[in-house]
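First up is the structure itself, then whatever we jot down about it.
Residue numbers (the UniProt record's numbering): 1 to 998.
As structure tokens, this is what we get:
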């Protein structure tokens, strides 16, 4: 590089090039399981990793003495003062006027002329060595690219349109195909007659869709259909480097004489021609440049004499793993490359910077020094004004002018917020991570939210089918691959008779550049092909349920991508826990506790909490409608805010969790305990945490622990979470297990650890083989919630319901006369709903049964009644709660836990009970009932009706804890006060210290 190496812009050029080379080496390493020679080179680099360029080409591309190879753009990017790049001369007005004429007259295919900013971007692309087009969604950037390409081809220049995102290349190719099809099939002579009057058609006839070896082998002449006969093979360079997949005989200059316009991904561009490492394109257009990392961007820049970067930094950034960022941070620290910058100043070359793309890097290197190089497209033509209005306000500073037409009678705000309460996000291992995989291979976990899946399946299914039947394009978007994989099987089943095979497509990791990347990005499921990245309807499932720190699913770019894709309607399915306290109160009347809540003041760069911002925007927009618009909005009841009817006993988990205890204070068990207290148990009673020592096989039989010693190392420690039994005889009718998240996923143990599954299988086997009980799973088994690795296949209707576990029953009517009791597992993952008759009745009252598609889920009571019928019909030896002198102490434990003995108390009785607890006695010393009532009022558990102390009632929070209202009359005046169930007393006792501080 000779004289070109030196300190420019505070960075040593030699160190910078070495830094990029190291980055290419690290990012190009093949996976751990790759075999040298078969899957990668001997040094472990993936075949044709970009490291080859930095080893073999970059010095020549920076050598000003070699005019054929020299790349002034690249020289300027790396810090050289190349004036023609940084400060290009003004565009000749005569040339600009001629280009205006061509744009107006020679593009008959487009019904709309380019707007002023689009035309300005075209002029700069044709004359500036480097220009940047910021193209927010729906602003016509692909149409602008096509005009740039067409005018470049008309000038006799060769042009390449590239991207790291294959979908972006395909989008341009679809535009080109549409231009070719505009005039129908033509002979070569007829086509040439059209060239002078239609420049887009002329460019389409001169286009070759290239890229990977497989794409090149299929490349055809767009007019004749003749195969272009590319011969990819192994090419040996002068330095002895041999690279497979490189074109053997086609030279760029010769090929471009007939096909001057090519499209390709950046990674394959140099390999498309035998001299691709030397020859330059007159113009290179990089689309979706915000998804390109610096290493790939440098390689692309080396291929061009002029370059246009097209993208939007508010869209998705390049995917770079945390591990790669950490490695690059160590490299830069060791070299001292970026240490001499001013405090707070960040280098445009620092790969470890969060969200840094080649586009944003070029902003800082070029357009910040000369803002004229950048043009923003500001007229939006895609989305309903109320949808893009959110992006315009929250992301683009109201710079967009919305030009989308809205028909009379259309809903004013086509946004649907379907909310529920609870926290159902769980970790899971992705598909393809079974226990038998290579134990040395590191597997990254992903996440699912089966509550959101259940809502989509039960409440949204009919609408999804309606959209598909009308030919509407649909996008379901989530930040976790686990969620999207589960969604795909459901959507395929739902639409199998509506859309053709292959119409449901899975896009994993949009913008992903490193094939070995394990970073979560945006994952989409699409129905029907769509033009570019726009869809008639978009569903956003954020997966995360907690308003804690900075969940990725709240990110600015993610939510902007979701909203800006939705042309006609946008639906978000979320938990109130993701929202701030005020919105939670407005929607649900209570707030969930959050250990580390996300606060606006902690987000000075305005990058987080955008799901929350979207919800607030929708509420403000709907509330701000005129009376006429509000009436029109009400006539479209699907939109607006809707409380999901898919309600569950586990929706209360966030309100029962004790932040001071690990494991959420066994909140799933608390949820089941509360419903059992309120349930009609048909004269039976219930006990909690009943060990096998306290249970006997038959009235006079052995203890259960003695009968399963082979299955357990210490069988006396085994227990059932709950047993429902006859208090007179001790006979057990039902045993219940609350299957919390640990039954499905353990991040520390890894995907190959089966200890939890084996423990569950062991208990299941004891119940089935020793007790001869019925194994039952509450609700329809879906989405892998039965347990990890299950081969369960599920349908939503009873007739076609089947599972890989033949031993399990799924409906109460399957409980036979030979059943000793029902062993009911209830997962807390959101896959069940309406677990009790009370929940089902409440849902039916609001018409929810009309929404549920398929067999309604069974309830706890239905299974219990089925077992009682089995008792009447059968003579099976049962399981009994042990009794007698020897079991006196355990029996008292059972009696204390019996739900039927729980009597609600007033605050005075509560104080007496709490003072018997030494820990609480110290806290409550000197406390009177009126003082404690005042604390409970301040803590949000009580409220005063009309400000009257004699009319105290529990709030939603209080009711959720188990309080109810006691009413009476005293001295001729009516009064109301809260009364406290055992669950409420236990709940408040755990939180007494916080309550007294309120």
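Backbone N, C-alpha and C fix where the C-beta goes; we use that ideal spot for every residue, glycine too.
(Q) Closest to residue 488 by C-alpha separation, out of 462, 472, 456, 467, would be which residue? (A) Comparing Cα positions, the closest option is 456.
Q) Taking one C-beta from the stretch 569-576 and one from the stretch 625-637 each time, how about it: are there three or more such pairs within less than 8 Å? A) No, the stretch 569-576 does not touch the stretch 625-637.
Q) With a cut-off of 8 Å, do at least 3 Cβ pairs link the stretch 264-273 to the stretch 74-90? A) Cβ pair count under 8 Å is below three, so no.
**Q.** beta strand (DSSP E) segment containing residue 61, residue limits
**A.** Note, residue 61: premise wrong, no beta strand (DSSP E); alpha helix (DSSP H) at 58-61.
Q: Between the Cα of residue 524 and those of 485, 47, 495, spot the shortest distance and give me the residue it belongs to.
A: Comparing Cα-Cα distances from residue 524 to each of 485, 47, 495, the minimum goes to 485.
Q: On a CA-only basis, which of 684, 207, 231 is nearest residue 214? Give me that one, please.
A: Closest by C-alpha distance to residue 214, out of 684, 207, 231, is 231.
Q. In this structure, does DSSP put residue 71 in helix, strand or coil?
A. Annotated three-state conformation of residue 71 is coil, per DSSP.
Q. Is the stretch 951-967 touching the stretch 982-989 in the sense that three or more CB pairs, one from each, lie closer than 8 Å?
A. Three or more Cβ pairs drawn from the stretch 982-989 and the stretch 951-967 lie within less than 8 Å of each other, which places the two stretches in contact.
Q) The beta strand (DSSP E) with residue 264 in it runs from where to where? A) First-last of the beta strand (DSSP E) with residue 264: 261-265.
Q.
Please list the terminal residues of the continuous alpha helix (DSSP H) segment that includes residue 360.
A. 358-362 is the span of the alpha helix (DSSP H), which, as asked, contains residue 360.
(Q) Using the three-state DSSP reduction, which class does residue 481 fall into: helix, strand or coil? (A) The answer is helix: DSSP assigns residue 481 an H, G or I state.
Q | residue 408, buried or exposed, once every other Cβ within 10 Å from all chains shown has been counted against 16 | A | Its Cβ having fewer than 16 others within 10 Å, residue 408 is exposed.
Q) So what does DSSP say about residue 979, is it helix, strand or coil? A) DSSP places residue 979 in the strand class (E or B) of the three-state scheme.
Q | Residues bridged to residue 246 [DSSP beta-bridge criterion] | A | Looking at the DSSP assignment, residue 246 forms a beta bridge with 233.
Q: Within the same chain, show all residues whose beta-carbon is closer than 8 Å to that of residue 822, passing over the 5 residues directly before and after it, in chain order.
A: Counting only Cβ-Cβ distances below 8 Å, and skipping sequence neighbours, we find 733, 734, 735, 773, 774, 776, 815, 863, 864, 866, 867.
**Q.** Backbone CA spacing between residue 207 and residue 170 [nearest angstrom]
**A.** Answer to the nearest angstrom: the Cα atoms are 13 Å apart.
Q) Is the beta carbon of residue 286 less than 8 Å from the beta carbon of residue 309? A) Yes; because the gap between Cβ atoms is below 8 Å, this pair is in contact.
Q: Determine, using beta-carbon pairs with one atom in the stretch 642-653 and one in the stretch 677-685, whether at least three such pairs fall under 8 Å.
A: Fewer than three Cβ pairs drawn from the stretch 642-653 and the stretch 677-685 lie within less than 8 Å of each other, which leaves the two stretches out of contact.
Q) Where do the N-terminal and C-terminal ends of the alpha helix (DSSP H) with residue 914 fall, by residue? A) Residues 907-914.
Q: Name the residue from 729, 872, 357, 619 whose alpha carbon lies nearest to the alpha carbon of residue 163.
A: Of the candidates 729, 872, 357, 619, the one whose C-alpha sits nearest the C-alpha of residue 163 is 357.
**Q.** Own chain partners of residue 718 with C-beta closer than 6 Å, once the 5 adjacent residues on each side are dropped
**A.** 692, 712, listed in sequence order.
Q.
If distances are taken between C-alpha atoms only, which option among 613, 47, 587, 350 comes closest to residue 598?
A. If we check each option's Cα against that of residue 598, 613 comes out closest.
Q | Buried or exposed (CB count within 10 angstroms, at least 16 for buried), residue 771 | A | Buried is the call here.
Q | Closest by C-alpha distance to residue 742, when choosing among 596, 730, 756 | A | Comparing Cα positions, the closest option is 756.
Q. Leaving out the 5 sequence neighbours to the left and right, which residues in its chain are closer than 8 Å to residue 16 when beta-carbon positions are compared?
A. When the five nearest sequence neighbours on each side are left out, the beta carbons in the same chain lying within less than 8 Å of the beta carbon of residue 16 are those of 78, 79, 337, 349, in order along the chain.
(Q) Three or more C-beta pairs under 8 Å: does that hold for the stretch 35-42 against the stretch 54-69? (A) Fewer than three pairs of CB atoms, one per stretch, sit closer than 8 Å, so the stretch 35-42 makes no contact with the stretch 54-69.
Q.
In the DSSP assignment, the alpha helix (DSSP H) including residue 144 goes from what residue to what residue?
A. Boundaries of the alpha helix (DSSP H) harbouring residue 144: 141-154, taken from the DSSP string.
Q. So, is residue 153 buried or exposed, given that buried needs 16 or more other C-beta atoms within 10 angstroms?
A. The C-beta of residue 153 has 16 or more other C-beta atoms within 10 Å across all chains shown, which makes the residue buried.
Q) Do the stretch 532-542 and the stretch 468-478 make contact, defined as three or more Cβ pairs closer than 8 Å? A) The answer is yes - the stretch 468-478 touches the stretch 532-542, with three or more Cβ pairs under 8 Å.
(Q) Quick check on residue 95: buried or exposed, where buried means 16 or more other Cβ atoms within 10 Å of its Cβ? (A) Classification of residue 95: exposed, given that the 10 Å Cβ count is below 16.
Q) With 16 as the cutoff for other CB atoms within 10 Å, does residue 623 come out buried or exposed? A) It counts as exposed.
Q) If residue 359 and residue 118 are in contact, beta carbons under 8 Å, what's the gap, nearest whole angstrom? A) About 19 Å separates the Cβ atoms of residue 359 and residue 118, ruling out a contact at the 8 Å cut-off.
Q: In angstroms with no decimal places, state the Cα-to-Cα distance between residue 403 and residue 136.
A: Taking the straight line joining both Cα atoms gives about 14 Å.
Q | Member of 54, 657, 502, 619 whose CA lies at the smallest distance from the CA of residue 639 | A | It is 619.
Q: Output the distance between the C-alpha atoms of residue 354 and residue 738, rounded to the nearest integer angstrom.
A: Near 41 Å, if we compare the C-alpha coordinates of residue 738 and residue 354.
Q) Leaving out the 5 sequence neighbours to the left and right, which residues in its chain are closer than 7 Å to residue 436 when beta-carbon positions are compared? A) Confidence in residue 436 is poor, its pLDDT being 44 and thus under 50, which makes the residue's placement unreliable; the coordinate value appears in the next sentence. Result list for residue 436: empty, nothing under 7 Å.
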